[in-house]
Every structure is written in C-alpha cells, then in structure tokens.
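Reviewing the structure listed below.
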Amino acid sequence: KHGPPLQRDVIVLLTDGEEAGLLGAQAFAHSHPWVKDVGLIMNFEARGNRGPSLLFETSTNNRPLIEAVASVAPHPIGSSFFYALYKLLPNDTDFTVFRPSGIPGLNFAFGEGLEVYHSPLDTPEHLSLASLQHDGSYGLALTRYFGQLDLSTLRNSRGDDVFFDWFGSRLIAYSQNWVLPGQALVTVLLALALVLAFRRPEVSARRFFLALLACPAILVLVVGTAAAGYWLVSLLIRGHRIFEDSSANLFLLSGFLLLGTCAGMFLLGIFRKRLGLQEFSLAAVSFWYILSWPLVLRLPSGSYLLFWPLLLAIIGNLSGHLSSARPAAPFLRSLPATAATLLLFAPVIYLLYVFLTLQMISVVASALLLSLFLLISIPFFEPSFMAPRRLSLGTLAVAAVACLVSGMALSRFTPEHPRPDSIVYSLNADDNSAAWITYDQKPDEWVRQFLGTDLKPPRPMKNYLGGFDRPLISAKAPALSLAPPLIENIEHKQEGATHRLKFTLRSQRNADTLYLRFPQDVQPLSITLGGRAVPVHKGGRLRLTLSAMGDQSMELELAFTAPSTVAFWVMDRSYGLPVNAQPRPANAMGINGSDLTFVCRKYVL
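Its first residue numbered 1203, the sequence shown is counted upward by one per residue in this note's numbering.
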C-alpha cells in the first residue's frame, strides 16, 4: 500500500491441513468463487526454519515467470535442475492443488534446520527472520511487477527456461529451446578438437581410448570410497547420529568428499604416469560429453550443469591448437572450465545436503559431482601430479581424517539438535486393554519409563492401531475410562461382492481426528462424506481420515467390493498423553506423531 496502486487484486491465502492432505488449498481451489479469477500463484513453503529461499518449482511454460524473477526479484536463488528433479519425486505442496487448473505459478521454499520441522521446536522464536525476509522480498517485488500486468498473457506463453543463480545475486536464464542447438555446437567443437589432436604425432589414439576407459574407473572409485566412508561412520555413530543439517554433518560430508578426492587423485596419478596429459584431458571431456546426453534428452532443464563447463573445457583445449602464438599453459587454459564447474556444482551439493540430509543418496550424488569435477579439471591439477604426490595425498588424507573425527565428536544430541523419540497410548475398547507403543527402534531412557526395562521384541499392534501391521515395541498399559468412537444409524446392503454401507460417525471424546481402516481385500468403489463425493483411488485399500472433527458427527456412504464378511476398524486420536509424565530432558523431543492418545474398536458386518 506504500507504492502506487496495482491494477490487479492481491489475495493473501493462508492454508492449513496441508500434511493432512492439502485440505486448505483444496478448499479454496474447489469451493471458493475467487479461484476462477486467479491469474498467478506464488506459494511459499518451508521445510525447516532457516536458510535461503529457493525457487524450486514453476508451472509449465514458465519463460515469462523466470524472466520476471531474474529481472525484479532481489537476491534470487533457484535452479531448473532441482525443478526437473522435483517433478520426478512424489512430493506435494499446496501448489500441487492448482496444477490441474493450469494457473501460472512460482513455488519457493527454504529448508535448513530440518530438526525443527513438525517438531516442538517449530515456533516463531526459532524462525530465521532472514529467511522470512527473503520470502517477503520475493513476494513484494513480484507482486508489484505482476500486479501491473495483464496476467492472461501468462497462460498464452509457450516454452520453458533453463535457469540457475549466479552467486545468489542474479538469475541466469535462457530458453530451453537452445539446449539441443547448444549440444550440437559442443558436438562440432569436440569433433574439431579430436581431429586437431590426433593430427599431432605425440597424441596416441590408443592412449586416448585407454584414458576414456580410465574415466569411469575414477568415478567409481571416488563414489565408492565416499560411500564406504559413510557406511562405516554410520555404524560407528548410529546410537547418537544427527540426521539433520548441523556442523557435525558438514564435517562428515566434507570428510567423505575429501576421502573420495584422495582416492581419485591417487588413481589419477597412476593413470597420468602412463597416459599423456593431452589424451587424458580429451578423454575426460569426451566422457563428460557422453554423460551430458541423458540430461539433454531426459532433463533438459538441468543440462546447464554439464553444458557450460564442457563448452569452456573444449574451447580451452582448442585454444592450444588454434593459437598462432605460444599457447598458454594447460592449467591456465582449463581455469574457466574448472571455475565454472566449481561454481555450478557447489550449490547443487549444498542443496542435496540440505534437502536430502546426510544419507547415502546425498553422499553418492555429491561424490559423483566431485569425480566429474576432478576429471574436467585434470589440466588445472597437472602441476600437482608433477609435485611430490605423497605430500599432496597425505595432506588430503589428514584433512579427511580430521573432518571425520570432528564430525563424529560433534555428532551428539543437544538442546539445539535434540534426539527424536516417540510414545503413544492406545486403548482397545473391545476388550478394554491398553498399550504403550513407540515407533523408535531403540527407546531412550525417557520412553523407557512407560515401557519398562524388560523390552519385548517388536510385534504388530493391529488391535491398538486400527489394523496397522508394522512391528513396533510396546508394553502393557493401564486401561483408562475413555469412550470409543461411535457408529450409529447403520444401513448395510449387499449384492454379490458389492457392499453399500451408510452410517453416522462421531468421536465421543471430542478427538480431533477419526480413522476408518478396512482390510486389504476391501476395494473402494465410491465414497460420500456429508453429501460430498470424495475421489476414490481404486486398486488401493479402503481407508479414510477425517480431520478437525471435535464433537461433530459425519454421515458416510461407502460402496466397495469385499468378501461376505467385512470387518473394519474405527479409531479416534487426540493430542497429549492421558497420564502425567516427567518432562523430557533438554536434549530430547517428541517426533511428529508422538504424545498421542488413540481409542479404537472393531466393527463386523
């Protein structure tokens, strides 16, 4: 309101029920009259409590959207490579609800501080104001820009952009239509470089092909060494390992990558003694070229990651053949490609670590990028091969060990990085029995106050968790006087294998959530809740979750196929344990799904 009036209205939509099924966004998208007038959506997510806000998803045909972010958003951070990966994942956000309507949109999120996500630490006091400000700067700048446009033109746009940020200060973007012509240019330049190289008598085609075979061997060794280091360290610290981003995990990731670097440099040195620099650098560039094709064909929006370093490496190689003057030293000619690889790969490794956390897949992916960096930078590191190798490899090994030792020493639970644990209480109203149940594989001392010291092996707790059959650690609990959820006004008709069931369901204790769980052999045909049809996922088992219920009742009509006898579970859930317990220690916290009370009963038709 402090700027000039906008030509477009702005709707600020605050939604809840996202984790329960994108319920708030669906309510607006399917029920609100304003949705038909929406010309642009900006969605702001968080998967933690701090860190830069990343543009990680857009609608299709995003060219005008990306051009706007690149031109008006302050400090834009984003990557079409991560957008391409995100499209392959099953993850959903509120933005997902609006995809089918074809409304243009941008999706932002910050993701550091994962330990607070869905935890007692997820409070305003723990929220980074810098991250909130970054979201706000996007929202304000882009609202001022799009608020003065005819937004109908966004729907008529065709084509996507390849984009990535440069030092977090500006967004580089160009049309995805240029990906294949760019690859054609690289093909021509590489062919020219190979022809010019093989015309020189000192360059051997045999040594080139041997070097080409050596490239995947280096890649496998680097990745394998880093993965083996992760596996071993995970075994050593499994009792006190922190899974989220932390200084401990940063040290550990650095250590794994330094181990991989040490192994890769060792093997590079062996191959370098038998293969010439010219053949090896050409083979590395050719290996990159081969790997770039899957990105170009399957993930063109992520092709920039290999294209620009590859183009600069080929140009650097050609400059040594085409220059009439004395060519620059190989390490100088390879400097642009080495720098571009470092600047493009480093943010991707960071984002892999933040959004995937420190696990095998993020270590392997990061080590893969590291091995490609080593290969494209062979001419740049040539002086180190000529120097005493024991000194350089020893330095890398010492640095790797120092990082790993530091990471293992820091990997312990603290108030800043508390240990997650879980305990729930469940009452079976059919036989008036109750149980304490934990989802933890190894309960801590606080959880053991409920379970006792003599822990029994994990076993399925179907009679207490509505048929849930995963083996869990449990112990007998006192049966408290808690009223079970109630089904009334039952109407049941059966025609062959088809059942039609109508009833009213409510919680007698004002629980927030109600569950219906049918056996695996019950297949849904149609579902109506309170007179409203609900989409049915045919082929899956019939299960319903009703949120925000309280004391209200809900009329349900179900049609399904099943055997002649049908049994199903009804269960309600409330927050908090039904007994007083000692507060958790400062270095522990209940995970999402802990400290709950369930009451369930079984119905048989």
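Glycine included, every Cβ here is placed at the ideal spot set by N, Cα and C. Just so we're clear, the structure is a prediction, and the values are computed from it rather than from any experiment.
Could one say the Cβ of G1668 lies closer than 9 Å to chain B's Cβ atoms, at least one of them?
Here chain B cannot be found, since the structure has a single protein chain.
Y1288, enclosing alpha helix (DSSP H) - first and last residue:
S1282 to L1290
Rounded to a whole number of angstroms, what is the C-alpha to C-alpha distance between V1424 and L1572?
8 Å
Length of the line joining the Cα atoms of M1756 and E1247
32 Å
Can you look up K1238 in the DSSP assignment and give me helix, strand or coil?
helix
Between W1495 and L1574, which are expected to be in contact by the criterion C-beta below 8 Å, what is the C-beta distance as a whole number of angstroms?
Actually they are not in contact, since the Cβ atoms of W1495 and L1574 sit about 14 Å apart, beyond 8 Å.
Could you check the C-alpha separation between L1197 and C1802 for me, to the nearest Å?
Residue 1197 is absent from the structure shown; the chain starts at 1203 and stops at 1807.
Pop quiz: A1428 and V1550 are said to be a contact at Cβ under 8 Å. What is the actual Cβ separation, rounded to whole angstroms?
Between V1550 and A1428 the Cβ distance is about 16 Å, and since that is not below 8 Å, they are no contact.
Inter-stretch contact (C-beta, 8 Å, three-pair minimum) for the segment 1697 to 1705 and the segment 1649 to 1659
no
Just the C-alpha distance for L1186 and L1560, rounded to the nearest angstrom, thanks.
Look at the range of the chain in this structure, 1203 to 1807, and you will see that residue 1186 is not part of it.
Kindly indicate the opening and closing residues of the alpha helix (DSSP H) around V1736.
Premise fails: V1736 lies in the beta strand (DSSP E), R1734 to V1736, not in any alpha helix (DSSP H).
Is H1694 helix, strand or coil by DSSP?
strand
Taking all protein chains shown into account, do 16 or more other C-beta atoms lie within 10 angstroms of the C-beta of H1619, making it buried, or fewer, making it exposed?
buried
Quick check on M1562: buried or exposed, where buried means 16 or more other Cβ atoms within 10 Å of its Cβ?
exposed
Enumerate in chain order the residues of its own chain whose CB-to-CB distance from M1588 is below 6 Å, with the five nearest sequence positions on each side excluded.
Confidence in M1588 is poor, its pLDDT being 49 and thus under 50, which makes the residue's placement too unreliable to answer from.
Starting from K1704, follow its DSSP beta bridges and name the residues at the other end.
E1693 and E1759
Which residue marks the beginning of the beta strand (DSSP E) containing W1771, and which one marks its end?
A1769 to Y1777
Tell me, which residues are paired with F1720 by DSSP?
Beta-bridge pairing links F1720 to no other residue.
Going by DSSP, which residues form a beta bridge with V1364?
Y1376
Please list the segments of the alpha helix (DSSP H) lying wholly inside the segment 1203 to 1260, counting only runs of 4 or more residues, in order along the chain.
1225 to 1233
What first and last residue would you give for the beta strand (DSSP E) that runs through N1293?
Taken as a continuous stretch (DSSP letters only), N1293 belongs to no beta strand (DSSP E), as it is neither H nor E.
Name the residue from P1292, S1261 and G1241 whose alpha carbon lies nearest to the alpha carbon of G1361.
S1261
Rounded to whole angstroms, how far is the Cβ of G1349 from the Cβ of R1500, which I believe are closer than 8 Å?
Not a contact, Cβ separation roughly 37 Å.
Excluding sequence positions up to five away, which residues of its chain have a Cβ less than 8 Å from the Cβ of D1623?
T1640, D1642, P1645, D1646, W1648, V1649, R1786, A1790, M1791, G1792, I1793 and S1796
I need the straight-line Cα distance from K1203 to P1780, nearest angstrom please.
49 Å
Residue range of the beta strand (DSSP E) that K1678 falls in?
P1673 to A1679
Between the segment 1702 to 1716 and the segment 1666 to 1682, do three or more beta carbon pairs fall short of 8 Å?
no
What three-state label does DSSP hand F1800 in the structure shown?
strand
Could you say which of Q1784, M1773, L1807 and V1806 lies nearest to F1800 if we only look at CA atoms?
M1773
Residues of its chain near A1413, where Cβ-Cβ distance is below 8 Å and the 5 sequence neighbours each way are ignored
F1473, L1477, E1481, F1482, L1484, A1485 and A1486
Same chain, Cβ closer than 6 Å to I1439, neighbours up to 5 away in sequence not counted:
M1610 and S1613
Buried versus exposed call for I1444 [16 or more other C-beta atoms within 10 Å across all chains shown]:
buried
Q1385 - containing alpha helix (DSSP H), residue span
V1381 to F1400
Helix, strand or coil at L1807 [DSSP, three-state]:
coil
Answer yes if the segment 1338 to 1349 comes into contact with the segment 1269 to 1287, meaning at least three C-beta pairs across the two stretches below 8 Å, and no otherwise.
yes
Within its chain, find whatever has a CB closer than 8 Å to the CB of L1256; leave out the 5 residues flanking it on each side and keep chain order.
I1279, G1280, S1281, F1284, F1310, A1311, F1312, G1313 and L1553
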